[in-house]
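Visitor: I have a structure I would like to understand better, so I am pasting it below and will then ask my questions one at a time.
Numbering (this note's numbering), first residue to last: 185 to 718.
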């Protein structure tokens, strides 16, 4: 159950009834019944999110990269410093890797277990939104909100995509709702410290999930909401020193340990990967300012009638004094604007805006009282269509895995003998170590003296940056093309993976046998023939 939900949270739900002054009206319910529904809803959400997570292979680059790092953590049994091809990798903090490695240690190295972190993030956010809505609005509204969020295609697919976006989105959602719960409890003269402490702890987890946005986004949303609704006097009460201690106890130890072990960690992690990445233009996927509003609109089209009602609702239909609805509106706008400012825009960044959008869609239906039979049918049809679209997208990605080298890795695992070295030519195939069950770093052959590496956002820059924290290891695994022949001579048999026909360009005196070619990538078995070299 959610950390900021004490038993009294469920024993005495409070409905604000959306009236001016929003005086709370406690409703007495049977304690066992109060716990029963949330438990079933939480279980149903988890089953729904996890049921199809096994269906498709890991997608490159993101899923292969981050699951590959977790795989290295598991097989090396070094759980503190994440590594990519054996090199310290500090693009992201470690919570995703810890969860994923632990999941694979329990359930095996398979795509389902590899997606435990986004599944837990999505589940955390959905359950938090359901329980918060249940307390402050009512059970019927909470069920509608949970359903709208769970079947939202962007949310469903994000909950099965193995990167940090859904994990941090779940932490952000839970942090905002815990802090808002504390504010509303203050106004109702109820104990609020437990909710506030939970908010600080969840913000610390958000830092470990994806860095500073795990705390910055909730803080910004709460500040804008408190100012916009004239609750700014609550700000000093929220700036609670014991809560700050909880936050630091969760977020700081790993960061301090990395700085002690790797000089320059603080600058690289906080300055380069946070501030420079936010304001810079040298990163991938540059999109216009309106990209995220368009994305949210597209993925919400199954609820077109509710979107129309949100757009044309008359002033007389609005709910004055409704703090929950105002929170959701501020939350949605703040997140969209914040992530629209940088030029680099990836789809998963906007996931923290999906929970408040789901609430507003369900809330637009709740405003229709009594609810007509026709609107009941429209609501059900909207949710069925959304679920079908999400499952259809997952099925398509399972049938047409365009960004995967799982077949190459499976062939490598089948034919390779233990101890035979693996080389990757002109590319680093992130998912191969996971699927081929490799326990040692591979040798990556490319032009590592190319000055363009430092200016691009690519796999090459990731490895070069990681190598800066361990130069000796980098010299062993990042090999220039001129050394390829010498590397191949080290073992009687080597395995090379690279773009089709790439090996031919090196005119090597080795005997190379093509084992498999899939989607432009080839696996070769190379027998050393060093004596024949000129």
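We put the CB at the ideal spot given by N, CA and C, even for glycine.
Computed from a predicted structure; not experimentally measured.
Compute the Euclidean distance between the alpha carbons of residue 299 and residue 393, then round it to the nearest angstrom.
Guide: Roughly 14 Å between the two C-alpha positions.
Visitor: For residue 349, which of helix, strand or coil comes out of DSSP?
Guide: Residue 349 falls in the helix class under three-state DSSP.
Visitor: Where does residue 584 sit, in a helix, a strand or coil, going by DSSP?
Guide: In this structure, residue 584 counts as coil in the three-state DSSP scheme.
Visitor: I'd like to confirm the pairing. Which residues does DSSP put opposite residue 697 in its beta bridges?
Guide: The partner list for residue 697 (beta bridge, DSSP) reads 709.
Visitor: By Cβ distance, which residues of its chain are closer than 6 Å to residue 637, with the 5 residues on each side in sequence left out?
Guide: Excluding sequence neighbours, residue 637 sits near 644, 645, 648.
Visitor: Could you please give the first and the last residue of the uninterrupted beta strand (DSSP E) stretch that includes residue 678?
Guide: 677-683 is the extent of the beta strand (DSSP E) around residue 678.
Visitor: Consult DSSP for residue 702 and reduce its assignment to one of helix, strand or coil.
Guide: Correct three-state label for residue 702: strand.
Visitor: With burial defined as no fewer than 16 other Cβ atoms inside 10 Å of the residue's Cβ, what is the status of residue 276: buried or exposed?
Guide: Classification of residue 276: buried, given that the 10 Å Cβ count is 16 or more.
Visitor: Among the residues of its own chain, which have a CB less than 7 Å from the CB of residue 362, if the five just before and after it don't count?
Guide: If we look at residue 362 and ignore the five residues flanking it on each side, its Cβ neighbours are 188, 379, 382, 383, 386.
Visitor: Contact defined as beta carbons within less than 8 Å: I believe residue 301 pairs with residue 283. What is the distance between those atoms, to the nearest angstrom?
Guide: Rounded, the Cβ-Cβ distance is 4 Å, consistent with contact.
Visitor: Tell me the rounded alpha-carbon separation between residue 297 and residue 291.
Guide: The alpha-carbon atoms of residue 297 and residue 291 are separated by roughly 6 Å.
Visitor: Mapping the DSSP letters down to three states, classify residue 528 as helix, strand or coil.
Guide: Strand, per DSSP.
Visitor: Take residue 575 as the anchor and find which of 687, 230, 236 has the nearest alpha-carbon.
Guide: Comparing Cα positions, the closest option is 236.
Visitor: Using 8 Å for Cβ pairs, my map puts residue 692 next to residue 667. What's the rounded Cβ distance?
Guide: Not really, about 12 Å apart at Cβ, beyond 8 Å.
Visitor: How far does the alpha helix (DSSP H) with residue 311 in it reach, from first residue to last?
Guide: Note, residue 311: alpha helix (DSSP H), 300-320.
Visitor: Can you check DSSP and say which residues form a bridge with residue 630?
Guide: Answer by DSSP bridge pairing, in chain order: 664.
Visitor: Taking the beta carbon of residue 697 as the centre, do at least 16 other beta carbons fall within 10 Å, making it buried, or is it exposed?
Guide: Exposed, since its Cβ has fewer than 16 Cβ neighbours within 10 Å.
Visitor: Spell out the partners DSSP gives residue 146 in its beta bridges.
Guide: What is shown of the chain runs 185 to 718, which leaves residue 146 out entirely.
Visitor: Determine, using beta carbons only, whether residue 687 and residue 591 come nearer to each other than 9 Å.
Guide: No. Outside cutoff.
Visitor: Going by C-alpha distance, which of 524, 650, 613, 509 is nearest residue 470?
Guide: Ranking 524, 650, 613, 509 by Cα distance to residue 470 puts 524 first.
Visitor: Alpha carbon to alpha carbon, how far is residue 431 from residue 399?
Guide: Taking the straight line from one Cα to the other gives about 9 Å.
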